[in-house]
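*Asks:* Using the working numbering, you'd call the opening residue of the sequence shown number 57 and step up by one each time. From the three backbone atoms N, C-alpha and C, an ideal C-beta is built for every residue, glycine too. Since the structure is predicted, the reported quantities are computational estimates derived from the model, not experimental observations.
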Amino acid sequence: MISGKNIILTGFMGSGKSTVGKEIATRLKCDFYDTDKIIEKEQNRTISDIFREEGEDYFRLLEKLVVADICRKSDIVIATGGGTLLFKDNLEMLTQTGIVFCLTANFDILISRMGNRKNRPMVAEKNRTAILELYESRIDGYNKLPNQIDTSDISPQEVADRIIKLFNELNNNPGVTK
Ligand code: S3P
Numbered sequence: 057m058i059s060g061k062n063i064i065l066t067g068f069m070g071s072g073k074s075t076v077g078k079e080i081a082t083r084l085k086c087d088f089y090d091t092d093k094i095i096e097k098e099q100n101r102t103i104s105d106i107f108r109e110e111g112e113d114y115f116r117l118l119e120k121l122v123v124a125d126i127c128r129k130s131d132i133v134i135a136t137g138g139g140t141l142l143f144k145d146n147l148e149m150l151t152q153t154g155i156v157f158c159l160t161a162n163f164d165i166l167i168s169r170m171g172n173r174k175n176r177p178m179v180a181e182k183n184r185t186a187i188l189e190l191y192e193s194r195i196d197g198y199n200k201l202p203n204q205i206d207t208s209d210i211s212p213q214e215v216a217d218r219i220i221k222l223f224n225e226l227n228n229n230p231g232v233t234k
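1. Tell me the rounded alpha-carbon separation between residue 134 and residue 113.
2. At a cut-off of 7 angstroms, would you count residue 212 as near the ligand S3P, judging by its Cβ distance to the nearest heavy atom?
3. Does the pairing of the region 93-101 with the region 113-122 give three or more beta-carbon distances under 8 angstroms?
4. Mapping the DSSP letters down to three states, classify residue 209 as helix, strand or coil.
5. Per DSSP, residue 156 is paired with what?
6. Residue 18: which of 110, 210, 131 sits nearest, CA to CA?
7. So what does DSSP say about residue 143, is it helix, strand or coil?
8. With a threshold of 16 other CB atoms inside 10 Å of the CB of residue 202, please say whether the residue is buried or exposed.
9. Count the other C-beta atoms from every protein chain shown that fall within 10 angstroms of the C-beta of residue 117, then say buried if there are 16 or more, exposed otherwise.
10. So, at 6 angstroms on beta carbons, what are the nonlocal neighbours of residue 70 in its own chain, with the 5 sequence-adjacent residues on each side left out?
11. Taking residue 196 as part of the alpha helix (DSSP H), name the residues at either end of that continuous run.
12. Out of 138, 161, 76, which has the shortest C-alpha to C-alpha gap to residue 84?
13. Quick check on DSSP: helix, strand or coil for residue 216?
14. For residue 179, which of helix, strand or coil comes out of DSSP?
15. Considering only C-alpha positions, which residue in the set 209, 210, 205, 212 is nearest to residue 222?
16. Kindly examine the ligand S3P and report whether one of its heavy atoms sits closer than 7 angstroms to the Cβ of residue 206.
17. Confirm the yes/no value for this check: CB of residue 73, any heavy atom of the ligand HEM, distance under 7 angstroms.
18. Could you tell me the distance, in whole angstroms, from the CA atom of residue 157 to the CA atom of residue 220?
19. Please go through the same chain and pick out, in chain order, the residues whose beta-carbon is closer than 6 angstroms to the beta-carbon of residue 179, but skip the five residues on each side of it.
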């Protein structure tokens with residue numbers, strides 16, 4: 057990838073950001089970064105531990121610092137956490153470095169892809185109704201994000217295909233699909 061721009065993936069938990077991000081990076085032969093993994097490495101503890109020991113606000117601060125740091129890189133693929141781009145500062149910083157793609161899927165598919173939820177503190181203790189409430193509280197925020205890709209009925213490889221194609225089109229003609 058030599059466009060100088062990053063590919064930034066967002067979407068609710070279970071939308072496939074990390075799987076698809078790795079796939080895109082492999083195909084484009086560029087580096088892949090996962091903001092949650094960076095936080096865990098820097099903190100030497102899991103996201104769940106950070107939430108439990110420090111609370112969500114502290115996690116959001118760490119998240120913002122990692123975003124600011126990663127924005128110094130170019131030609132990379134970034135999978136953000138499900139909440140990252142719902143914060144204006146993060147969205148502004150990352151948008152300046154490349155193109156944001158928002159992965160969507162219907163709610164039941166998201167829930168089933170999340171599998172065992174114990175490593176996702178936002179949903180670990182919640183039942184379906186409470187998770188649906190969280191999802192609905194965020195839906196307007198996600199809907200405002202550009203380049204929505206519905207992943208409900210397609211494989212991660214196909215999602216990667218679509219994103220790469222769209223990324224190339226947007227780079228060649230930035231006015232087209234936004
Ligand atoms: C969060 C999603 C998680 C992680 C943290 C908070 C969220 O990332 O960043 O638990 O607020 O939606 P994934 O979407 O990769 O699970």
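*Replies:* Quick look at the numbers:
1. 22 angstroms
2. False, no ligand heavy atom lies under 7 angstroms from that Cβ.
3. yes
4. coil
5. 64
6. Here the chain comprises residues numbered 57 to 234, so residue 18 is not present and cannot be evaluated.
7. coil
8. exposed
9. exposed
10. For residue 70, where only same-chain residues beyond five positions count, the Cβ hits under 6 angstroms are 166, 169, 170.
11. 184-199 is the span of the alpha helix (DSSP H), which, as asked, contains residue 196.
12. 76
13. helix
14. coil
15. 205
16. no
17. Annotation note on the ligand HEM: not contained in the displayed structure, which lists the ligand S3P as its ligands.
18. Taken atom to atom, the span from the alpha-carbon of residue 157 to that of residue 220 is near 10 angstroms.
19. 173, 187
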